[in-house]
Every structure is written in structure tokens, then in C-alpha cells.
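Single-structure report; data block below.
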Amino acid sequence: MASERLRFAPSPTGYFHVGSARTILFNWLLARRSGGSLLLRIDDTDTERNREEWVDGILRSIEWLGLDWDLGPIRQSSRLQRYAEVAAELETTGHAYWCSCTREEVESRKPEGSPPGYDGFCRDRALGPGAGRALRFRVPEMPVTVFDLVRGEVVFPAGTIDDFIVVKSNGSPLYVLANAVDDADFEISLVVRAEEHLPTTPKAVLLHQALGHAIPRFAHLPVLVNEARQKLSKRRDRVAIEDFRDQGYLPEAMINYLALLGWSPGGDREFMTLDELVAEFSFDRVSHSPAFFDERKLAHFNKHYIQQLSDERFTALAMAFVERANLSLDRKAVGPLLAEVKPRISTLGEFPGMVGFLAADPSYDEADLGKFNQETVKMLNAVAATLGEIELFTPEELESRIRALCDGIGVSLRKLQEPVRLAITGKRVGVPLFSAVAAVGRQTALRRLKAFSSFIGS
Ligand code: GLU
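Letter 132 of the sequence shown, counting from 1, is numbered 1303 in this note's numbering, and no numbers are missing.
Below is the structure:
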């Protein structure tokens, strides 16, 4: 495979979107696989929408994902002079002309129902620069072909692209110009980006042709959709990498899942490490149909990767979440339950909820009252008596003694477990009951059984 020069070019206008994460991942995989390089470019010419904190968010998200880049970051805002130079060149060579039309003027000239776009009014007026004038590219009457590794040759017929603006009347370069100039100056061989950019790609191709650049190849990645097959949107869907990170998703799960959004290794394989992805990734297996970003599937991947964590890393990550939840629990207190919790959670954010009962007596829910009666109270008293007698307060010992108690009083373990679990943890589900009882210790267990009995009796 020939070595590719790639770039990832996010705009710092919001949180780092899962779509952007997939874009950098595919770029990164190809750069590594081809022995090429990846440039990070920050597309920050839109001063109204850009914020420095979003630049920071981009850098931190890339780092969190475990990816990197070889060149940059280059900021488009530092290259305005260069874009102006190229704009002047386009004008000098006759590839661009000054235009004084306002949007309203263009609209008012056009007959009802005509296609959107500029009507070419100023094309041959030979205007010079001036206030309120924009520079437009003179689009030649010919079809434009885009070479796309995902879609093949995409042909835009003659007449479908109107004379587009390259420099606005306020002097700022249009995005399509800045992009083409940068891709050429940094000798980008392959542009990998989201499908939404495909419609502007013929304009980039025209600019490259006019400027005598080598034209890069393109790969437009399929759009990401939600369950209702709507394009993922930051207003409607959860899409920020930062959110997933804060909820306790692991970068390795995220990377593995993102790789499968539009790409597949073939067969039924799902779980792959970054090294395996580098070894196998190629655009032959990238599809152009929309890819469903399925949070449930991501959670399934995360659960798998949580189980792969070493005990040490799991403990460190889990404790960070305990701290964030403001639970006063140290490693020692949580220690006995770590191995029990690990296979039961899909995100690390669920960890504090699973161990919170260790930190404080639970509160009980009135809604549970109807289910229990004096029989339950008797049962809880019997359990308390047994707990009082047990010498070795371990999960194994507790289990064997409580089982014996169930046999003795003719109650199933299942029936007995429910109120005992509620008494000790305040929840219906969680870690195995005997581990929970052992972890809180005898005194606390007895106190909670008593408290729950009085709650039922009240
Ligand atoms: N800055 C553009 C964006 O964030 C990407 C442009 C490109 O990759 O060509 O959507």
C-alpha cells in the first residue's frame, strides 16, 4: 500500500462528536497502515462560532481515545494571508471575478421556481474589488468527477455547480478555498471526511484544477444515524465523546465500536484491538449506507472491555467514579466487591450505584411496604439471629448458614433474599447478596435488618 498523507480537520464549534471521532480514527488507521502521516488541522476561520475551549476539547478527546497525529496542529486562522494570496492568483488568472450582487438582487432576478444558486450576473462585468464585493469562482461548463474510495467515481454534470464565492465581501476566505489551499500546500494525498462534505467536493476539485494542484483522492464516510434512521444530531442525540467518557465508557470500547461504523472486517468478528484494526483496515470494506450508532451495542462493547481490564486498572478507574459521586469509600472498603461488580456493569458510571450501600445506610421505599408483612419481620429476625451467631463472617459461611436456616423454617432462599437484600442495600438487584452482607459487616447488617423490620412494621 502506498504511503498516504492524511489530515483530520475539525472545526472547534462544539463538543467532540462521535462522527468526528470516527473520522480521525479512519484517517489514523490508514496513516498507520500505509506508513504515511496524519496532519491535524484546526479549521477555525469561523470566528463567530469558534471557541478556544473547543480546541482544547478536540485535543483532549483525541488523547483520551489513544490516537495521535504527526504534524500540526495547524490553524487555518494563521494562514489567512496565504488564502488571500491564492484568491489574488485566481483573480489574476481569470478563474475568479468580483461580484457586487446581494442575495436579494439575485433572488429578484430569477424567475419563480428556478434552481437555487448564482445566475452569473457579474461574470463579464469586469468589476474591480470594492466595498460589498465578493470574489466568485468562474465555474467552467463541464462535468466534474470526484474520485471517491467509498463511492467510486462521482460525476457532477455540467451546469449543476454555480459560480461560488471564494472570498466574502468582508474579506474572509470561504471554507472551500481555505480547504483546497491547505490540502494542496500540505500535499494531502487522500481526504477522508464525513459524507456531508461530498456536495462541496467538486468545488474543491475545480479549485485544484484552476490552481494547477495535484488533486487528492477522497473518501466520504457514511452518515451516522440514530434508531429512527435520522442523521445524528447534537441537539437530539447523545453524541459528545466527552459525555461518553464521563459516563464511564472506555476508550478501547469506543475505538472498537467506532471502527465498525461503516467498516467491517468481514465475517462475524466484532472485538478487535487497535493493532488488529491497523493491520486490517481498508476502504474496500467501507460501506456507503448510513451506519446506525447504537448506544446499546456500544454498551455491550464497553461491558466486554471492562471485563478485560486488569484488576489494578479497573480499581483505579472505579475509584475515580466513586470519588466523583462523593461517596466516602476507600479502596479497602470497596475491595471485597470489585470482582463481583466488574462483570455486572456496562459503564464505570454504574459502579458507585453498585457499592453506594457500603457508604451509608440505605433509605427504604414506601412502595415496597405492601409486599411484606409480619411473616417477613419474623424471617428477618431469624436471619438476624443467624448472623449474630456466625463466627466467620464470609460470603461462603453466610450462604451455607442462611441456606440451612431456609431449610429449617421451610422458606425458599429466593423468598428470603428479597427483603434481606432490600434491608442491606436498599435495592432489588446488585452484587450477590452474601457478598453484600459480608462486605457491610455484622454490626451494620444487624442494624439494617432491624431498621427494615421496623419500617415494615410501621
Ligand atoms: N472542518 C470540517 C468539519 O469539521 C471538515 C472539513 C474537511 O474535512 O474537509 O466538518
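Note that CB positions come from ideal geometry on N, CA and C, so glycine has one too.
- Task: Let me have the residue list for the ligand GLU: C-beta closer than 7 Å to any non-hydrogen atom, ordered along the chain.
- Result: Ala-1180, Pro-1181, Ser-1182, Ser-1191, Asp-1214, Asn-1350, Val-1362, Arg-1364, Ala-1365, His-1368
- Query: Taking just the CA atoms, how far does Lys-1549 sit from Ala-1622?
  - Reply: Within the model, the alpha-carbon separation for Ala-1622 versus Lys-1549 is close to 13 Å.
- Message: Using DSSP's beta-bridge definition, name the partner residues of Asp-1319.
- Response: Gly-1323, Phe-1389
- Query: For Arg-1364, is the classification buried or exposed, using 16 other Cβ atoms within 10 angstroms of its Cβ as the cut-off for buried?
  - Reply: Classification of Arg-1364: buried, given that the 10 Å Cβ count is 16 or more.
- DSSP three-state call for Gly-1559: helix, strand or coil? helix
- Message: Does Ile-1213 pass the burial test, meaning 16 or more other C-beta atoms within 10 Å, or should it be called exposed?
- Response: buried
- Item | Enclosing alpha helix (DSSP H) for Ser-1191 [first to last residue] | 1189-1204 is the extent of the alpha helix (DSSP H) around Ser-1191.
- Query: Under three-state DSSP, which class holds Arg-1400?
  - Reply: Arg-1400 falls in the coil class under three-state DSSP.
- Closest to Arg-1613 by CA distance: which of Ile-1336, Gly-1559, Ile-1627, Pro-1373 is it? Gly-1559
- Message: If the criterion is Cβ atoms closer than 9 Å, does the pair Asp-1319 and Ala-1375 meet it?
- Response: no
- Could you give the DSSP three-state label for Arg-1619: helix, strand or coil? Here DSSP, grouped into helix, strand and coil, assigns Arg-1619 to helix.
- Query: When burial is assigned at 16 or more other CB atoms within 10 Å of the CB, is Pro-1422 buried or exposed?
  - Reply: buried
- Assign Gly-1419 to buried or exposed, taking buried as 16 or more other Cβ atoms, counted over all protein chains shown, within 10 Å of its Cβ. buried
- Query: At what residues does the alpha helix (DSSP H) containing Pro-1566 begin and finish?
  - Reply: 1566-1580
- Message: Could you tell me which whole alpha helix (DSSP H) segments of length 4 or greater appear in the stretch 1421-1478?
- Response: 1422-1430, 1445-1451
- Task: Inspect the beta-carbon positions of Ala-1192 and Ile-1412 and report whether they are closer than 9 Å.
- Result: yes
- Message: Beta-carbon within less than 7 Å of Glu-1511's beta-carbon, same chain only, minus the 5 sequence neighbours each way: which residues are those?
- Response: Val-1602, Pro-1603, Ser-1606
- Item | Local conformation of Leu-1637 per DSSP, three classes | Here the chain covers residues 1172 to 1629 and nothing more, so residue 1637 does not appear.
- Task: Rank Ser-1571, Ile-1229, Ser-1625 by C-alpha distance to the C-alpha of Glu-1546 and give the top, closest one.
- Result: Out of Ser-1571, Ile-1229, Ser-1625, Ser-1625 has the C-alpha closest to the C-alpha of Glu-1546.
- Please report how far the alpha carbon of Phe-1357 lies from the alpha carbon of Leu-1306, in whole angstroms. 24 Å
- Task: Just the C-alpha distance for Glu-1260 and Ala-1381, rounded to the nearest angstrom, thanks.
- Result: Between Glu-1260 and Ala-1381, the C-alpha separation is close to 10 Å.
- Query: Where DSSP assigns a beta bridge to Val-1362, which residues make up the other side?
  - Reply: Phe-1389
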